[in-house]
Amino acid sequence: MDFSLLLALMAIALPVLLHLLARAKKSRPGAAKLPPGSLGLPVIGQSLDLLGAMRANTADRWIQDRVDRYGPVSKLSLFGAPTVLLTGPAANKFVFFSGSLAMQQPRSMQRILGEKNILGLMGADHKRIRGALTEFLKPDMLRLYVGRIDGEVRRHLDESWAGRATVAVMPLMKRLTFDIISSLLFGLERGAVRDALAIDFMHLVDGTWAVPVDLPFTAFRRSLKASARARRVIAGIARETKAKLERGEATRSSDLIACLLTLTDDSGRQQLSEEEIVDTSMVTLMAGHDTSSILMTFMVRHLANNPDALAAMVQEHDEIAKNKQGDGEALTWNDLAKMKFTWTVAMETLRLVPPSFGLFRRAIQDTEFGGYLIPKGWQVFLVSSVTHMDAAIFHEPAKFDPSRFKDQPSAAAPPCSFVAFGGGPRICVGMEFARIETLVTMHYLVRQFRWKLCCKEDTFARDSMPTPLHGLPIELENRPFSP
């Protein structure tokens, strides 16, 4: 039998079996009550409905319709697996801190990102990998990278923004963040390898939320192939870096892979296998690339519609520039600490347009929430950011108001209500890196340019991340640096 056909039949058979088991469990005498809702058709379930709503920018309404019909807890089927959908602050807290749920993306995402990626690990393995990432992302390491990020941002703006009458913001931000992360993660500088990896990475991301049917011409198949190519490149870089470390041509602080390779256990052995290093790099590349590029794109969008906020940002950055030794001096860690208003703009942008629509967990044992059973083995899909637009939590939630975050984020909303970076023990380990990347980029952007939106229809879709219409085209003009 053709291998692709066999995989397709297995993809159909497994969800059917899960459906039958779920229905059997529901019908057992004395069994706890499953949430309301329908599992829908095998394999497909409600996946196409949700994806369609996301692409039409009606996903919030789609979720709210389910909440109105079933309440904040309901069952459905997503990406080939029976799923319990949760919303609200109590659900956020439950998912972030529950010991009965494991971090679990759909199996389809795991096939793309790797079996050993941190998003699918738990217990000692998760602690070990997270500890390794934290070693690279701790403050004394991040201080070393501000200058390198500064250089990448300046080169990018000079080459892709300066002198142009119009640009599409999102594609440029995606390329900028990819270049920054490629340099700091892999030590991969400009050239054909980085360009090819950028193309594969785009195909890889496209398939993470696709219906997991591994057949020719599907987004999922393209993503799997792109993932395989990217993994070969990263594995090759890891082997080259290991050789450089042995020759003394690289150090632990050179990049993420060098840092991971130098971590050892109590017996002096290398902590992480090559597979773990590759999978960790894949997830870090995707997480760092998407979050920062989306954030900065929508900061540009909101600033175009809010001239007072833009003026306040310009003033903040002009003051910082006055203390530099000319325009050629790079930003420092201390400069970033002065960009307080800019970070409130970033936080408010994340509230209004969170990069992630929701997150997945897996029940590792039968558990209950809100009076309903979540069976062992089922997915849990938490639409965590519903709280961002809750008028009971944020006054006038549709209004862009950076002053909400003028103090600490914890003062802006009750616990587990502002969740742009997740929460609990698995809060985003790269949050500080994203902050540096964003602040450095926005410093040079507002100092060098002025812009206005080209599209009268100021909207966006989720595919799977927030994507503005036509990539957010803007009319651009240079702004001379202030003395």
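Read in order, the letters of the sequence shown are residues -24 to -1, 1 to 459 in mature numbering (1 follows the signal peptide of the UniProt record, and there is no 0). Don't be surprised by glycine CBs; every beta carbon is placed ideally from N, CA and C.
Three-way DSSP call (helix, strand, coil) for Ser361 in this model
helix
Across which residues does DSSP place Trp427 in a beta bridge pair?
Leu452
Can you say whether Lys92 is buried or exposed, counting buried as having 16 or more other CB atoms within 10 angstroms of its CB?
buried
Burial state of Pro188, where buried means 16 or more other Cβ atoms lie within 10 Å
Counting every other CB atom within 10 Å of its CB across the protein chains shown gives Pro188 a total of 16 or more, marking it as buried.
Assign Met79 to one of three DSSP states: helix, strand, or coil.
strand
Taking only the alpha-carbon atoms, compute the straight-line gap between Thr142 and Met272 and give it to the nearest angstrom.
17 Å
With a floor of 3 residues, list each beta strand (DSSP E) that falls wholly inside the region 6 to 69, ordered by position along the chain.
Counting only runs of 3 or more, we get 49 to 54 and 57 to 62.
Which partner residues of Gly118 appear in the DSSP bridge assignment?
For clarity, residue 118 is Leu in the given sequence; the question names Gly instead. Paired residue(s): none; Leu118 is not in a bridge.
Alpha carbon to alpha carbon, what distance is there between Asp182 and Met98?
26 Å
Based on the DSSP output, what are the partners of Glu344 in its beta bridges?
Leu349
Is the distance from the Cβ of residue 523 to the Cβ of Gly347 below 9 Å?
Residue 523 lies beyond the residue range present for the chain, which begins at -24 and ends at 459; the question has no answer from this structure.
Three or more beta-carbon pairs under 8 Å between the region 274 to 283 and the region 414 to 429, yes or no?
yes
Are Leu328 and Phe274 closer than 9 Å when you measure CB to CB?
Yes.
May I ask you to verify whether the region 330 to 339 touches the region 302 to 320, counting CB pairs closer than 8 Å and requiring at least 3?
no
Inter-stretch contact (C-beta, 8 Å, three-pair minimum) for the region 101 to 108 and the region 388 to 398:
no
At a cut of 8 Å, does the region 227 to 246 reach the region 152 to 162 through at least three beta carbon pairs?
yes
If contacts are defined as beta-carbon pairs under 8 Å, then Leu261 and Val71 qualify, I think. What distance do you get, rounded to the angstrom?
Leu261 to Val71, Cβ: 25 Å. No contact.
Give me the Cα-Cα distance between Gly16 and Arg37, rounded to the nearest whole angstrom.
Gly16 and Arg37: Cα-Cα distance of roughly 20 Å.
Inspect the CB distances between the region 58 to 72 and the region 374 to 384 and report whether three or more fall short of 8 Å.
no
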